[in-house]
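Engineer: Counting in the working numbering, the sequence shown runs from 484 upward without gaps. From the three backbone atoms N, C-alpha and C, an ideal C-beta is built for every residue, glycine too.
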Amino acid sequence: MPLEPCYECNKEISTLARSCPNCGAPSKNIKKKTSSIPPTSEWTAEDDKKLLSLYKKRVPEFALAKILKKRLPAVRERIILLMKKN
Ligand SMILES: [Zn+2]
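1. Between which two residues does the beta strand (DSSP E) holding Leu499 run?
2. For Pro485, name the three-state secondary structure that DSSP assigns.
3. For Pro509, which residues does DSSP report across the bridge?
4. Compute the distance between the beta-carbons of Pro543 and Glu491, then report whether it is under 8 Å.
5. Do you know offhand how far Leu564's Cα is from Leu534's?
6. What's the gap between the Cα of Trp526 and the Cα of Lys552?
7. Apart from the five residues on each side of it in sequence, which residues of its chain come closer than 8 Å, Cβ to Cβ, to Ser502?
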């Protein structure tokens, strides 16, 4: 079974997997779309509000990244930051 590193967490995952079993990032097809997002896209107050409310509804992080059109590591960092504030 061919393996390749996950584009989000770098863990080796099957190229056939639909999503990474380690971090939950959706595989390949979505990789092409998300790779066009700049690594440091700006966060607006609106983004924070949306992120917090969805996070509290237990929306998975990779889904939050997709909804907010941000990269997964950036979303994780932001959640940590917002959790410290509140
Ligand atoms: Zn991963």
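Structural biologist: Reading from the atomic positions:
1. For Leu499, no beta strand (DSSP E) run applies, since DSSP gives it neither H nor E.
2. Three-state result, Pro485: coil.
3. Pro509 is bridged to Ser502.
4. Contact flag unset, no.
5. Computed Cα separation, rounded: 12 Å.
6. Rounded to the nearest angstrom, the two C-alpha atoms are 11 Å apart.
7. Only Ala508, Pro509, Ser510, Phe545 meet the Cβ criterion.
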